[in-house]
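Numbered by UniProt numbering, the letters in the sequence shown go through residues 1 to 262 in order. A short write-up of the structure that comes next.
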Amino acid sequence: MSSQATANEHELAAMRRALELAELGPLTGGNPRVGCVLLDADGRTVAEGWHRGAGTPHAEIDALAKVGGDARGLTAVVTLEPCNHWGRTGPCSIALIGAGISRVVYGVTDPGSHSAGGGARLREAGVEVVGGVRAAEVEELLECWLASERRGRPWVTVKWASTLDGRAAAADGTSRWITGTAARQRVHEERASNDAILVGTGTVLADDPSLTARGDAGELLSHQPVPVVVGRRPIPDDAALRRHPGASSRPAAAISRRCSPT
Ligand SMILES: Nc1nc(O)c(N)c(N[C@@H]2O[C@H](COP(=O)(O)O)[C@@H](O)[C@H]2O)n1
Numbered sequence: 001m002s003s004q005a006t007a008n009e010h011e012l013a014a015m016r017r018a019l020e021l022a023e024l025g026p027l028t029g030g031n032p033r034v035g036c037v038l039l040d041a042d043g044r045t046v047a048e049g050w051h052r053g054a055g056t057p058h059a060e061i062d063a064l065a066k067v068g069g070d071a072r073g074l075t076a077v078v079t080l081e082p083c084n085h086w087g088r089t090g091p092c093s094i095a096l097i098g099a100g101i102s103r104v105v106y107g108v109t110d111p112g113s114h115s116a117g118g119g120a121r122l123r124e125a126g127v128e129v130v131g132g133v134r135a136a137e138v139e140e141l142l143e144c145w146l147a148s149e150r151r152g153r154p155w156v157t158v159k160w161a162s163t164l165d166g167r168a169a170a171a172d173g174t175s176r177w178i179t180g181t182a183a184r185q186r187v188h189e190e191r192a193s194n195d196a197i198l199v200g201t202g203t204v205l206a207d208d209p210s211l212t213a214r215g216d217a218g219e220l221l222s223h224q225p226v227p228v229v230v231g232r233r234p235i236p237d238d239a240a241l242r243r244h245p246g247a248s249s250r251p252a253a254a255i256s257r258r259c260s261p262t
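In structure tokens:
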């Protein structure tokens with residue numbers, strides 16, 4: 001892989017912009033947030049694109065669409081190595097080759113076992129490829145997705161509330177709010193930026209949590225994590241969890257088999 005030194009000043013600036021575009025994408029849904037900028041031979045931006053989530057066109061395809069698929073002689077600057085597989089959409093490597101892109105500058109190598117190899121395919125087709133550009137910034141942006149892909153498991157955030165001496169409730173089991181409004185709001189932002197939220201049956205029975213992501217005024221936020229309950233004890237019919245919007249749309253994933261809703 002070539003180093004950052006081989007990207008020119010226009011490409012470095014375009015990668016900065018591609019990072020901004022990537023940030024427009026959703027944090028949830030399993031796909032990475034990716035941005036792409038197409039440059040002409042003078043380093044001027046011709047088109048921009050970004051990925052809007054699983055099942056929608058990748059950033060490169062979004063940018064190519066804006067030049068009508070004719071990108072002869074252009075450089076594609078993209079935060080993630082162009083994919084090389086058929087997933088929910090087609091391989092970006094082939095689309096870039098077909099559109100006539102002459103150079104690809106990317107940030108981080110795609111770690112996916114099926115999707116990797118776009119850089120090599122582009123080189124084989126005679127496209128100049130430079131990888132590793134602003135890689136540290138892309139690594140930071142995609143920390144959760146990259147870790148998940150590399151480790152083969154979901155990114156997990158552990159959250160709990162306790163007093164400084166490690167207590168979660170009074171000795172007799174009664175509990176009061178330990179955290180303030182700022183911390184609680186942060187929790188809801190976290191819920192809204194994750195695909196799933198997991199608790200045990202003990203928590204469901206003791207606290208009757210709703211597990212929804214809510215705003216300051218208690219309103220439901222636009223993205224709701226799928227609630228997952230681990231355990232063998234049945235979930236009461238009137239549990240707040242049963243009214244969770246994520247549970248009603250995807251009940252099989254929401255509640256464990258023995259506790260499935262009736
Ligand atoms: N290079 C690139 N640009 C994008 O905009 C992307 N979303 C990706 N994603 C890679 O492709 C996989 C998803 O493929 P489908 O959306 O199912 O076709 C994802 O796991 C990444 O490896 N890459």
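The beta-carbon is built from N, C-alpha and C at its ideal position, and this holds for glycine as well.
Residue burial classification, residue i (beta-carbon count within 10 angstroms, cutoff 16)
i, result
"C259", "With a pLDDT of only 41 at C259, under 50, the local geometry of the prediction cannot be trusted, and no value is derived from it."
"G53", "exposed"
"S93", "buried"
"S113", "exposed"
"L74", "buried"
"L24", "exposed"
"T212", "buried"
"V230", "exposed"
"D62", "buried"
"V77", "buried"
"L38", "buried"
"T79", "buried"
"V156", "exposed"
Residues bridged to residue i [DSSP beta-bridge criterion]
i, result
"A76", "L38 and V104"
"R150", "BP columns for R150 are empty, so no partner."
"A47", "L38"
"A196", "V226"
"L220", "R214"
"E128", "R103"
Residue i Cβ short of 7 Å to ligand 2 heavy atom set
i, result
"L80", "Ligand 2 is not part of this structure, which contains only ligand 1."
Whole-number beta carbon distance between residue j and residue i, since they are thought to touch under 8 Å
i, j, result
"L221", "A192", "4 Å"
"R33", "H51", "7 Å"
"E60", "P82", "6 Å"
"G131", "T109", "6 Å"
"A198", "V228", "In the sequence on display, residue 198 carries Leu and not Ala. Their Cβ separation, rounded to whole angstroms, is 4 Å, which keeps L198 and V228 in contact under 8 Å."
"G117", "N84", "4 Å"
- With contact counted as at least three CB pairs below 8 Å, one residue from each stretch, are the stretch 122–132 and the stretch 146–161 in contact? No, because fewer than three Cβ pairs between the stretch 122–132 and the stretch 146–161 fall closer than 8 Å, the two stretches do not touch.
- Task: Mind the definition here: the stretch 169–179 touches the stretch 191–204 only if three or more C-beta pairs lie below 8 Å; say whether that holds.
- Result: No: the two stretches stay apart, fewer than three of their Cβ pairs being nearer than 8 Å.
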